[in-house]
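Okay, structure first, notes after.
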Ligand SMILES: Cc1ncc(COP(=O)(O)O)c(C=O)c1O
C-alpha cells in the first residue's frame, strides 16, 4: 500500500535551505566553508550546492541515528514505497547490497543468487563468507541479453540445495527487463526463505501505470534501489527498504553504519528527499503524458530504416519503458554505434556487442524531434562509413541451470595466483571477477 499522506513535504531539503538562509558562519567542516573557498571558474559550478553541503550541526540530524529531519524524510520515504522501514544511502546501491546481504546472511550459509548480478552482490557474498549457488538467467537471443531467473531454475536448484538460507535476485536487469519474480518470492516464502532484491534500476516502478510492479509490491523482504539512476537524485543517492517480514533489521542497521561514511553528504541526502517527493507527486495524468511522449519518440525512431528497437518483438521479457534498447538494423555493433553517437555528444547509458541502451527521463521527453533527427543522421552515416559485422561467435552457455564456486571464498584467498592467456584459462579457477565495466 502506498501512503500519499504528507508527501508534499521535503523536511530535510527544507531544513537545509533554512540553514543556508541564515548565512551561517562556518567554524566546522567541510573545508570549503559553504563554498567561500572556491575562487576560480569552479565557483560557478559549486557555489549553490556548497550552500547546502553542511554537516551534522544542531537541527540537521544524523544519518546513523536519525531523530529529526532525516528521520522524518525516511519515514516519508517508507510511506511512499509502502515499506516497513526505509533508509537513505549515500554510497549507492553498492553499499545497500553489501549491507542487505551482510544483514541476512551468516558465514557458511547457502545462498541462491542470480548469476548475472552486480559485482556488489558478489562482493557482499564474499564478505559474508556465504556459499553461493549461482542461478543461470534466461537469455533473449535476439537482443543478446541475459534476463531474469525462471521459477523452474529456482525449483531445480532448491531440489539439490534445500538448505538454502536466502535468495538474491536482480530485478529488473540493466536493460529494464523484468520476469516472474512474484512466483519466485512465493516459492521462497513458502519455505521461510528471505528474498533480497537488487532493484537498482527500478526506483521508479512504484509510480505504477505502465511501469512493471515493484519488488516491494511483489513481496520482497528487502529491496535496494539506486534513486540516482532513474529518479532525480544525485549520483550515489540510493534507497534501501525492508518490509515487516525482514527479520534482520538490527544487523542491517549495524552494517549500514559500519559501511557508510560518518560524514554523509547532505546534498545527496537532500536530493533523496526531493526524489521521493518527485515520485510521490506522479499522478495518472503525468504518467499519461510520459506514455504519450515515449510513444511518439519510439514511433519516430521506428520510421528510421537503420534503427531497430526492442519494442514488443521480444516475447520473453516485459520491459521498463524508461529503457530503450536500440540496434542497428544493418548489423553495426552497439560499440560502434556508441562511438558514432558520442562524436555528436550524445551519450547512451551503455553499449554491448549488439545494442545501445538509452535511459529516458521520468518525464515527457523534450526536443524529441531534434533528438530523432540527429539519431537518424548518425545512424545513416555510421552505416556508410563504419559498417562492420557483429561478432558471430558470441556464445551463451546455458548448459548448467545452476553452479557453485569451485572452492570457498576463504580457500580462494589463500591460493596462489598465476596469469595465463585467456584461451588457457578454461578449467582454471578465476582469481578475480571478470566483469565488463563500466557501467
Ligand atoms: C544491477 C545493479 N546493481 C547495483 C548497482 C550499483 O549501484 P550504485 O551505482 O548505485 O552503487 C548497479 C550499478 O550500475 C547495477 O547495475
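Residue numbers (the working numbering): 10 to 448. Ideal Cβ positions, reconstructed from N, Cα and C, are used throughout, including at glycine. Values in this document were obtained by computation on a predicted structure and should not be read as measured data.
Between the beta-carbon of residue 157 and that of residue 132 there is about 21 Å, and that puts the pair past the 8 Å contact cut. Comparing alpha-carbon positions, the option among 302, 384, 347 lying closest to residue 369 turns out to be 302. Measuring C-alpha to C-alpha distances from residue 192 to each of 185, 204, 184, 186 identifies 204 as the nearest. With a cutoff of 8 Å on beta-carbon distance, residue 359 and residue 187 are scored as not near each other.
Sixteen is the threshold: since fewer than 16 other Cβ atoms of the shown chains lie within 10 Å of the Cβ of residue 32, the residue is exposed. Within the stretch 308-365, the alpha helix (DSSP H) runs of at least 4 residues that lie entirely inside it are, in chain order, 343-352. For a cut-off of 8 Å, the C-beta gap from residue 279 to residue 22 is around 4 Å, short enough to register as a contact. With respect to the C-alpha of residue 210, the residue from 367, 344, 24 having the closest C-alpha is 367. Annotation: residue 137 to residue 214 spans about 29 Å, alpha carbon to alpha carbon. Of 429, 20, 435, 97, the smallest CA-CA separation from residue 237 is found for 97.
It is roughly 23 Å from the alpha-carbon of residue 228 to the alpha-carbon of residue 264. With respect to the 8 Å criterion, residue 86 and residue 95 are classified as neighbours on the basis of their beta carbons. Rounded to the nearest whole angstrom, the C-alpha separation of residue 259 and residue 109 is 11 Å. 8 Å or more divides the Cβ of residue 231 from the Cβ of residue 208.
Beta-bridge partners of residue 57 (DSSP): none assigned. Annotated three-state conformation of residue 235 is coil, per DSSP.
Ranked by Cα distance from residue 154, the first of 240, 216, 319 is 319. Nearest C-alpha to residue 115 among 257, 389, 356: 257. Burial is judged here by how many other beta carbons sit within 10 angstroms of a residue's own beta carbon; residue 172 has fewer than 16 and is exposed.
Look at residue 237: its beta carbon is less than 7 Å from one of the heavy atoms in ligand 1. Taking 8 Å as the cut-off, the beta carbon of residue 179 is found closer than this to the beta carbon of residue 125.
Fully contained in the stretch 101-183 are the following alpha helix (DSSP H) runs of length 4 or more, in chain order: 101-113, 128-137, 160-169.
By the CB criterion at 8 Å, residue 196 and residue 411 fall outside the cutoff. When Cβ pairs closer than 8 Å are counted between the two stretches, the stretch 47-54 is seen not to touch the stretch 240-259, the count staying below three.
Residue side-chain check: residue 101 places its Cβ nearer than 7 Å to a non-hydrogen atom of ligand 1. Assignment of residue 282 by DSSP, reduced to helix, strand and coil, places it in the helix class. Take residue 332, set aside five residues on each side of it, and the residues of its chain with a beta-carbon closer than 7 Å to its own are 184, 185, 366, 368, in chain order. Cβ-Cβ distances below 8 Å link residue 381 to 306, 309, 310, 313 in the same chain, with the five nearest sequence neighbours on each side left out; the list follows chain order. Here the alpha carbons of residue 441 and residue 121 stand approximately 20 Å from one another. The Cβ atoms of residue 287 and residue 61 do not sit closer than 8 Å to each other.
Ranking 444, 34, 44 by CA distance to the CA of residue 66 puts 34 first.
In terms of CA proximity to residue 285, 82 leads the group 25, 82, 202, 362. Here residue 381 carries a helix assignment [DSSP, helix/strand/coil].
According to the DSSP assignment, residue 94 belongs to the beta strand (DSSP E) that extends over 94-98. Per DSSP, residue 85 is one residue of the alpha helix (DSSP H) stretching across 78-90. Residue environment for residue 443: exposed (fewer than 16 other C-beta atoms within 10 angstroms of its C-beta).
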